[in-house]
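Just so you know, full-length UniProt numbering puts 75 at position 75 of the sequence shown, and the rest follows in order with no gaps.
Scroll down for the structure; my scribbles are underneath it.
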Amino acid sequence: MLVLAISDAHIPSRAIDIPSKFKKLLSIPDKISHVALLGNSTQSPEFLNFLQTVSPNISIVRGEFDKSSIIIDTHESNGGSGNYEEKNIPLVAVIKEGDFRIGCCNGYTVVPKSDPLSLLALARQLDVDIMLWGGTHNVEAYTLEEKFFVNPGSCTGAFSADWPILNDSISNNITDIETNKKDSATESDDITQSEDGSEQLENNKPDTKDEEQEQEDKNATLEEESLNEEDISISEVEISGSNVPSFCLLDIQGSTCTLYIYMFIDGEVKVDKVVYKKPTDE
Numbered sequence: 001m002l003v004l005a006i007s008d009a010h011i012p013s014r015a016i017d018i019p020s021k022f023k024k025l026l027s028i029p030d031k032i033s034h035v036a037l038l039g040n041s042t043q044s045p046e047f048l049n050f051l052q053t054v055s056p057n058i059s060i061v062r063g064e065f066d067k068s069s070i071i072i073d074t075h076e077s078n079g080g081s082g083n084y085e086e087k088n089i090p091l092v093a094v095i096k097e098g099d100f101r102i103g104c105c106n107g108y109t110v111v112p113k114s115d116p117l118s119l120l121a122l123a124r125q126l127d128v129d130i131m132l133w134g135g136t137h138n139v140e141a142y143t144l145e146e147k148f149f150v151n152p153g154s155c156t157g158a159f160s161a162d163w164p165i166l167n168d169s170i171s172n173n174i175t176d177i178e179t180n181k182k183d184s185a186t187e188s189d190d191i192t193q194s195e196d197g198s199e200q201l202e203n204n205k206p207d208t209k210d211e212e213q214e215q216e217d218k219n220a221t222l223e224e225e226s227l228n229e230e231d232i233s234i235s236e237v238e239i240s241g242s243n244v245p246s247f248c249l250l251d252i253q254g255s256t257c258t259l260y261i262y263m264f265i266d267g268e269v270k271v272d273k274v275v276y277k278k279p280t281d282e
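Here you go:
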């Protein structure tokens, strides 16, 4: 049994559509038994209709940009009446496939957002073996306390409102330089007492220390400018907040779940595989 985990389409607000190669892969009939839609993907009726052609069994959870309810077109080809039906979108859902209970949520409902320990607490509360969640726009897959956690990323590669965190070492280096400059300036202005009690400014002494101090200040200034202007390794993807389009397929056979991660990179679909086995009760 195949379960499709897909999330964060943001159509049409942030993206036009999912990659055409993704659509081609997902358009094979009667292959996917269930679709888990993990939030921020209900703004486009066309996208929802496409998912209904992938599988009539769809579990939808609410993201921070979703409304509390949606109107779904019940297709006659899927056994519906052809009428429109309004459905409330829950914050969490549970899917039963094979020997697994699969929980679904969006990361914004977890505090802190998408925190592993908070997700673990929710998984325990729902009594699930696999926890699917969205909201980060990045693919994640890991095990924690014998439970499997999967985030399929954004199926369109839509930009994320969460700004990337830069390496603190760059700002620390700049801070150190500024501190050294202040210390040097303080030392040059230190007041020294002469033998007769009169005060003199050390930087007024006619020695070579003034020239050395001036050269040190110039070097510090050049080093600071170099840090500010050098090529800091931030890709265009990080600058725009965009992400790699991705989705996940869970192939469930008994107590074994094989996770296939599909990513659209440089115009090609790349696939990774992760295997998770449900712990046996002893």
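Backbone N, C-alpha and C fix where the C-beta goes; we use that ideal spot for every residue, glycine too.
As the structure is a prediction and not an experimental result, all values here were calculated from the model.
Rank Cys155, Cys104, Ala141 and Val150 by C-alpha distance to the C-alpha of Leu91 and give the top, closest one.
Translated into positions along the sequence shown, residue 91 becomes position 91. The shortest C-alpha separation from Leu91 is found at Cys104.
How many Å lie between Phe247 and Gln213 at the Cα?
Taking the first residue of the sequence shown as 1, we reach residue 247 at position 247. Taking the first residue of the sequence shown as 1, we reach residue 213 at position 213. Roughly 59 Å separates the two Cα atoms.
According to DSSP, residues forming a beta bridge with Gln253:
The residue labelled residue 253 in the question sits at position 253 within the sequence shown. Paired residue(s): Thr256.
Beta-ladder partner(s) of Lys113, from DSSP:
Walking along the sequence shown from the start, residue 113 turns up at place 113. Beta-bridge partners of Lys113 (DSSP): none assigned.
Where do the ends of the alpha helix (DSSP H) carrying Asn49 lie?
Indexing the sequence shown from 1 puts residue 49 at position 49. Taken as a continuous stretch (DSSP letters only), the alpha helix (DSSP H) holding Asn49 covers Pro45 to Val54.
Helix, strand or coil at Lys273 [DSSP, three-state]
For the purposes of this step, residue 273 is taken as the residue at position 273 of the sequence shown. DSSP places Lys273 in strand when its eight states are reduced to three.
Can you grab the Cα-Cα spacing for the pair Ile11 / Gln215, in whole Å?
In the sequence shown, the residue the question calls residue 11 occupies position 11. In the sequence shown, the residue the question calls residue 215 occupies position 215. A direct Cα-Cα distance of roughly 57 Å separates Ile11 from Gln215.
Can you name the start and end residues of the beta strand (DSSP E) that Phe22 belongs to?
As a position in the sequence shown, residue 22 is number 22, starting the count at 1. From DSSP, Phe22 is part of no beta strand (DSSP E) but of the alpha helix (DSSP H) over Ser20 to Leu26.
Would you identify the three-state DSSP class for residue 350, choosing helix, strand or coil?
What the structure shows of the chain is the stretch from 1 to 282, and residue 350 is not part of that stretch, so it cannot be assessed.
Nearest residue (CA-CA) to Asn243, options Leu250, Phe65, Ser160 and Lys273
Along the sequence shown, read from residue 1 onward, the residue named residue 243 stands at position 243. The closest CA to that of Asn243, considering only Leu250, Phe65, Ser160 and Lys273, is found on Ser160.
6 Å CB neighbourhood of Ala15 in its chain, flanking five on each side removed
For this step, residue 15 is matched to residue 15 along the sequence shown. By the criterion of a C-beta distance shorter than 6 Å, Ala15 is surrounded in its chain by Thr156 and Ala158, once the five residues flanking it on both sides are discounted.
Pick out whichever of Leu2, Arg124 and Leu144 has its Cα sitting closest to the Cα of Ile58.
Looking up residue 58 in the sequence shown gives position 58. Nearest to Ile58 by alpha-carbon distance, out of Leu2, Arg124 and Leu144, is Leu2.
Could you check how far apart the C-beta atoms of His34 and Ile95 are, in whole angstroms? I think they sit under 8 Å.
Within the sequence shown, the letter at position 34 stands for residue 34. Within the sequence shown, the letter at position 95 stands for residue 95. Indeed, because the Cβ distance is near 6 Å, the residues count as touching under 8 Å.
Can you tell me whether Ile18 is buried or exposed? The criterion is at least 16 other CB atoms within 10 Å of its CB, across all chains shown.
By one-based count along the sequence shown, residue 18 stands at place 18. Looking at its Cβ environment, which holds 16 or more other Cβ atoms inside 10 Å, Ile18 is buried.
For Thr136, the nearest candidate out of Glu146, Ser114 and Val128 (CA to CA)
Working through the sequence shown from its first residue, we reach residue 136 at position 136. Here the closest residue by C-alpha is Ser114.
Pull up the CB-CB distance for Asp8 and Ser154, whole angstroms please, since I reckon it's below 8 Å.
In the sequence shown, counting from the first residue as 1, residue 8 sits at position 8. In the sequence shown, counting from the first residue as 1, residue 154 sits at position 154. Indeed, because the Cβ distance is near 4 Å, the residues count as touching under 8 Å.
By Cβ distance, which residues of its chain are closer than 7 Å to Gly267, with the 5 residues on each side in sequence left out?
Position 267 of the sequence shown, counting from 1, holds the residue named residue 267. Taken in chain order, the list of residues that qualify is empty.
Nearest-angstrom Cα separation, counted from Asp162 out to Asp217:
As a position in the sequence shown, residue 217 is number 217, starting the count at 1. As a position in the sequence shown, residue 162 is number 162, starting the count at 1. Approximately 38 Å, taken between the alpha carbons.
Alpha carbon of Phe149 to alpha carbon of Asn138, nearest angstrom
One-based indexing of the sequence shown puts residue 149 at position 149. One-based indexing of the sequence shown puts residue 138 at position 138. When rounded, the distance between both Cα atoms is 13 Å.
Quick check on Ile130: buried or exposed, where buried means 16 or more other Cβ atoms within 10 Å of its Cβ?
Locating residue 130 in the sequence shown gives position 130, where the first residue counts as 1. With 16 or more neighbouring CB atoms inside 10 Å of its own CB, Ile130 falls in the buried class.
Proximity of Asn276 and Thr109 at Cβ, strictly below 8 Å:
Looking up residue 276 in the sequence shown gives position 276. Looking up residue 109 in the sequence shown gives position 109. The sequence given here has Tyr at residue 276, not Asn. Result no, Cβ atoms of Tyr276 and Thr109 do not sit closer than 8 Å.
Going by the CB atoms, is the gap between Asn106 and Val54 shorter than 8 Å?
Position 54 of the sequence shown, counted from the first residue, corresponds to residue 54. Position 106 of the sequence shown, counted from the first residue, corresponds to residue 106. No; because the gap between Cβ atoms is not below 8 Å, this pair is not in contact.
Here's a check: name, in chain order, each residue in its chain whose Cβ is nearer than 6 Å to the Cβ of Phe264, leaving out the five neighbours to either side.
Reading the sequence shown from its first residue, position 264 is the one you call residue 264. The beta carbon of Phe264 sits closer than 6 Å to those of Pro19 and Pro245, all from its chain and outside the five residues before and after it, given in chain order.
Among Gly134, Pro279, Leu250 and Lys147, whose alpha-carbon lies nearest the alpha-carbon of Leu38?
For the purposes of this step, residue 38 is taken as the residue at position 38 of the sequence shown. Here the closest residue by C-alpha is Gly134.
Grab me the residues of Ser69's own chain with a C-beta within less than 7 Å of its C-beta, minus the 5 sequence neighbours each way, in chain order.
The residue you call residue 69 lines up with position 69 of the sequence shown. Within the same chain, Cβ atoms closer than 7 Å to the Cβ of Ser69 are found at Glu86, Lys87, Asn88 and Ile89, the five residues on either side in sequence being excluded.
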